[in-house]
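Q: Residue numbers (our numbering), protein chains in the order written: chain A, 53 to 270; chain B, 53 to 270.
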DNA sequence: GCGATTATGGAGTGTCAACTCCAATCTTGC
DNA sequence: GCAAGATTGGAGTTGACACTCCATAATCGC
């Protein structure tokens, strides 16, 4: 509840609940290994179907270590949300920071579709799937998810705003709404792609919003 | 695996796994009560967090009854998917069957937004949330989810097609793609609305695709 | 009405999950 | 180098959960 606004990538577990005030280099590495293992398992099977013991085994640590770094499963899941948000931004970063041309938007769409193709359409959105599972169940997780989506949406919003300022889009184009619609199309497209096991829904959902953005060209 | 194509609303549990070949009137009522209770709990808390015992208690039946009508939890969840799809179609039915004018599309959007408003933005899509949880985990559930989405998408697709045939939309408008984009916007909008607890994402996501449909007016 | 089938009650079982405890070992600041 | 504190191992506990079993009561076809 205290550090949602700053970008806080890794120091998420350091709140009043987490016992260790200072982490040694080895400790940080162990903690990171736990979070990475948990993130992978949650991405593959969801929060509820990911057992602490699975994480423990995958990360190669003992139970006491896990509870040394995280007060409980909920706190670990919050660390996973932060980790996955970092991962999304890192992977999309070069493109995401320059979504200020039609060519860049199309490249971004191609990248997203190609990624799902590689995964054979399994797995949805790394944070969207968690949101579906936890948004109504864990208020703290919800807050972190809101922050995660915001970190994702911001560069999209800013890219479209630059297009408008530069004169590529009409002065009265609602770029904030278009950015939000793009994110929603991505989420919905991913869900349908995951369910139907074909990339068409994702591609078509994104293309439809991109077409709408193009109608706003100046 | 055998009855995805016909509309099969209620006779879903009657496959080789379900012991009872014939259900008496009372039996059907009990089975329906179980499915309804399960659907409500799953909608509120997800599949994994819904215990058989919770369903049992909520429906007012004993454990043996539950396993008399359903081979296991997976089969019950498949019945829930069918039940929720029926529910979605029933609620939206009057509108859904006549989505063949801009006015009707807007009325439908208003209804969807109002519904989430009533729910204070809690709960996502009755089948979308299940899809996020089960699509990669249970192949049979995935098949039923695909069928469910198709039953939902079909009337949207057909409404837009009628608009094109009637000349409201251009002859080269890709109404199938627009219908799919609308469903994706709905799913993504619901997820973001559920997470952020405001209806704006849902409304904006739908409005953006509606605007794109309007650009295809003849 | 009567035999066969279906519907119900409720106690019981085995497994697995999250989490705890305590003792032992490294690391670090000084 | 030496305490203080950080890090680790692994067995143990507690509860929840999906599912089973067997006996009894209702219902249906004829």
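Note that beta-carbon positions come from the ideal geometry of N, C-alpha and C, so glycine has one too.
Predicted model only: the values in this text are computed from it and were never measured.
Going along the region 181 to 207 of chain A in order, which residues come within less than 8 Å of chain B, judged by CB to CB distance?
A: Listed in sequence order: 181, 183, 184, 185, 187, 188, 189, 194, 197, 198 and 201.
Q: Taking Cβ to Cβ, would you say residue 184/B is nearer than 8 Å to residue 222/B?
A: No, they are not a contact pair.
Q: Whole angstroms are fine: how far does the CA of residue 124/B sit from the CA of residue 63/B?
A: Only weak support is given to the placement of residue 63/B: the predicted model assigns it a pLDDT of 40, under 50, and the question is left unresolved by the model.
Q: For the ligand GDP, is there any heavy atom lying closer than 7 Å to the beta carbon of residue 262/A?
A: This structure lacks the ligand GDP, and indeed carries no ligand of any kind.
Q: Given a limit of 8 Å on CB to CB distance, which residues of the region 210 to 240 of chain B reach chain A?
A: Those residues of the region 210 to 240 of chain B that come within reach of chain A (Cβ to Cβ, closer than 8 Å) are 229, 230, 232, 233, 235, 236, 237, 238, 239 and 240.
Q: What residues in the region 159 to 176 of chain B bring their beta carbon closer than 7 Å to a beta carbon of chain A?
A: Cβ contacts with chain A: 174, 175 and 176.
Q: Would you tell me roughly how many angstroms separate the C-alpha atoms of residue 133/B and residue 95/B, rounded to the nearest one?
A: One C-alpha to the other measures close to 10 Å.
Q: Since residue 172/A is in the alpha helix (DSSP H), which residue starts that stretch and which ends it?
A: Taken as a continuous stretch (DSSP letters only), residue 172/A belongs to no alpha helix (DSSP H), as it is neither H nor E.
Q: For residue 269/A, which residues does DSSP report across the bridge?
A: DSSP output for residue 269/A lists 221/A as bridge partner(s).
Q: Between residue 144/B and chain A, is the shortest Cβ-Cβ distance under 8 Å, so that the two count as touching?
A: Not closer than 8 Å to any Cβ of chain A, the Cβ of residue 144/B fails to qualify, so no.
Q: Here's the rule I'm using: 16 or more other beta-carbon atoms within 10 Å means buried, otherwise exposed. How should residue 206/A be labelled?
A: Exposed is the call here.
Q: Would you tell me roughly how many angstroms separate the C-alpha atoms of residue 101/A and residue 153/A, rounded to the nearest one?
A: Rounded to whole angstroms, residue 101/A to residue 153/A spans 41 Å at the Cα level.
Q: Leaving out five residues before and five after residue 143/A in sequence, what residues of the same chain have Cβ atoms less than 7 Å from its Cβ?
A: So no residue of the chain qualifies.
Q: Do you know offhand how far residue 137/B's Cα is from residue 156/B's?
A: Going by the C-alpha atoms only, they are around 21 Å apart.
Q: Does the beta carbon of residue 253/B sit closer than 8 Å to a beta carbon anywhere in chain A?
A: Chain A contact via Cβ: present.
Q: From residue 65/A to residue 118/A, what distance separates their C-alpha atoms?
A: Residue placement at residue 65/A cannot be trusted, given a pLDDT of 36 that sits under 50; the coordinates are not used to answer.
Q: Taking the alpha-carbon of residue 252/A as reference, which of 164/A, 78/A, 110/A and 263/A has the nearest alpha-carbon?
A: The candidate whose alpha carbon is nearest that of residue 252/A is 164/A.
Q: Specify the secondary structure class of residue 209/A as computed by DSSP and reduced to three states.
A: Helix, per DSSP.
Q: Can you list, in chain order, the residues of its chain with a C-beta nearer than 8 Å to that of residue 258/B? Leave out the 5 residues immediately preceding and following it.
A: Contacts found: 161, 164, 165, 234, 237, 238 and 241.
Q: Note down, in chain order, each residue of its chain lying with its Cβ closer than 6 Å to the Cβ of residue 255/A, except the 5 sequence neighbours on either side.
A: Answer for residue 255/A: 165, listed in chain order.
Q: In three-state DSSP terms, what is residue 75/A?
A: In this structure, residue 75/A counts as coil in the three-state DSSP scheme.
Q: Which residues in chain B have a C-beta closer than 7 Å to the C-beta of residue 264/A? List them in chain order.
A: In chain order: 260, 263 and 264.
Q: Could you check which residue in 122/B, 202/B and 172/B has the C-alpha nearest to that of residue 244/A?
A: Considering only alpha carbons, the answer is 202/B.
Q: Let's see if you can read the secondary structure: which residues bound the alpha helix (DSSP H) around residue 116/A?
A: Taken as a continuous stretch (DSSP letters only), the alpha helix (DSSP H) holding residue 116/A covers 115 to 121.
Q: Alpha carbon to alpha carbon, what distance is there between residue 263/A and residue 214/B?
A: C-alpha separation (whole angstroms): 22 Å.
Q: My assumption, with CB atoms under 8 Å, is that residue 204/A sits in contact with residue 140/A. Please give the rounded CB distance.
A: Right, their Cβ atoms sit about 6 Å apart.
Q: Only counting the same chain, and skipping five residues up and downstream in sequence, which positions put a Cβ closer than 6 Å to that of residue 55/A?
A: Low confidence applies here, because residue 55/A scores a pLDDT of 37, under 50, leaving its location unreliable and the question unanswered by this model.
Q: Listing by chain order, which chain B residues have their CB less than 8 Å from the CB of residue 256/A?
A: Correct list: 229, 232, 233 and 236.
Q: Find out if the Cβ-Cβ distance for the pair residue 135/B, residue 87/B is shorter than 8 Å.
A: Cβ distance < 8 Å, so residue 135/B and residue 87/B count as in contact.
Q: Can you name the residues of chain A whose CB is closer than 8 Å to the CB of residue 97/B?
A: Under the 8 Å cutoff, chain A gives 188 and 189.
Q: What residues from the region 93 to 120 of chain A come within 9 Å of chain B, judged by C-beta to C-beta, listed N to C?
A: Of all residues in the region 93 to 120 of chain A, 96, 97, 98, 99, 100 and 101 have a Cβ within less than 9 Å of some Cβ in chain B.
Q: What does residue 85/A touch in chain B if you count any residue whose Cβ is under 8 Å from its own?
A: Those do not exist, as residue 85/A stays about 24 Å from chain B at its closest Cβ, beyond 8 Å.
Q: Leaving aside the five residues before and after residue 130/B along the sequence, list all residues of the same chain whose C-beta is less than 7 Å from its C-beta, in chain order.
A: Same-chain partners within the cutoff: 64, 192, 193 and 196.
Q: By how many angstroms is the C-alpha of residue 98/B removed from the C-alpha of residue 209/A?
A: If I take the Cα positions, the gap works out to 32 Å.
Q: Near residue 250/A, what residues of its chain come up, given a Cβ to Cβ distance below 8 Å and the 5 sequence neighbours on each side ignored?
A: Around residue 250/A: 173.
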